[in-house]
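Asks:
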Amino acid sequence: MRTILVMPIGHVDRETIDFITGAIRETGECDIIQGEPIPVPQKTFNARRSQYNSTRILKALEGLKPDTYERLLGVLDEDLYVPELNFVFGEADMIARVAVIGLPRLRQEFYGLEPDRALFLRRAAKEAVHELGHLKGLGHCPVPRCIMHFSNSLAETDMKEAKFCAQCRNKLNELR
Ligand SMILES: [Zn+2]
Ligand SMILES: [Zn+2]
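Just so you know, we're using the working numbering here: the sequence shown kicks off at 32 and counts up by one.
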C-alpha cells in the first residue's frame, strides 16, 4: 500500500485540504485519504514563543499513523518552529514517515500585504508536496524550480513549481 493520509490538525478549511490533496494527486499519487481532523496537541505549544514545536507534533503524529498508510501529512493552521530556528514552514521525519506543515506564514496578510487566496493555496500545496518528497527519501535539489529545492523564503517557494524535476522524478521512481 502506498496510501498517503492527509490529516488536518485542529481546524483547517476544506478548500485548503482539497487543494493540497489535488496537488499531491497531480504529482502522480493516486492513493490519498483525507483523515478526520485531530485536536491540536496542546503540549506542543510554546507559550513564550506563541508557536508550536513541529518536532513534537511529528512525535504525536507518529503515534497516530496506522501502519496501513505509507505516509502521513499533518496540516496545521498555526505557526511552527524548531528550537534552533525562528520558524519553519514544515518538517518531515523520514524514518517515521510523518510530516507537518504550518499555514499562517503562507498568507500574504501575515506580512501585512493584501490577501491572495490563490497564492496562499499554491504555497500550501507546494509545502505539502515538498514534505511528502522528503518522506519518500528525497533530499534537497539544486534546481530552483524543482519542488525539492530548499526554500528559506516565500520568494523561493513562489519560484518553485508544485512538481519534481526530471532528476528527482527518476529518483522517486527508483524509490517506489
Ligand atoms: Zn525540505
Ligand atoms: Zn529536483
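Even glycine gets a Cβ: it sits at the ideal position worked out from N, Cα and C.
Give the secondary structure of Y112 by DSSP, where H, G and I count as helix, E and B as strand, and everything else as coil.
Replies: The answer is strand: DSSP assigns Y112 an E or B state.
Asks: Buried or exposed for Q73, going by 16 or more other Cβ atoms inside 10 Å?
Replies: exposed
Asks: Indicate the three-state DSSP secondary structure (helix, strand or coil) for E57 in the structure shown.
Replies: helix
Asks: Under 7 Å, Cβ to Cβ, is there at least one residue of chain C near A159?
Replies: Protein chain content of the structure displayed is limited to a single chain, and chain C is not contained in it.
Asks: Flag V71 as yes when its Cβ comes closer than 6 Å to any non-hydrogen atom of ligand 2, and as no otherwise.
Replies: no
Asks: So for D124, helix, strand or coil by DSSP?
Replies: strand
Asks: Would R128 be called buried (16 or more neighbouring beta carbons within 10 Å of its own) or exposed?
Replies: R128 comes out buried.
Asks: Given a threshold of 16 other Cβ atoms within 10 Å of its Cβ, counted over all protein chains shown, does H165 qualify as buried or as exposed?
Replies: buried
Asks: May I ask whether a heavy atom of ligand 2 can be found less than 6 Å away from the beta carbon of V160?
Replies: Distances taken from the Cβ of V160 to the heavy atoms of ligand 2 include none shorter than 6 Å.
Asks: Using CA coordinates, which residue listed in G168, N183, A155 and L150 is at the minimum distance from A123?
Replies: G168
Asks: DSSP on V174, reduced to helix/strand/coil?
Replies: coil
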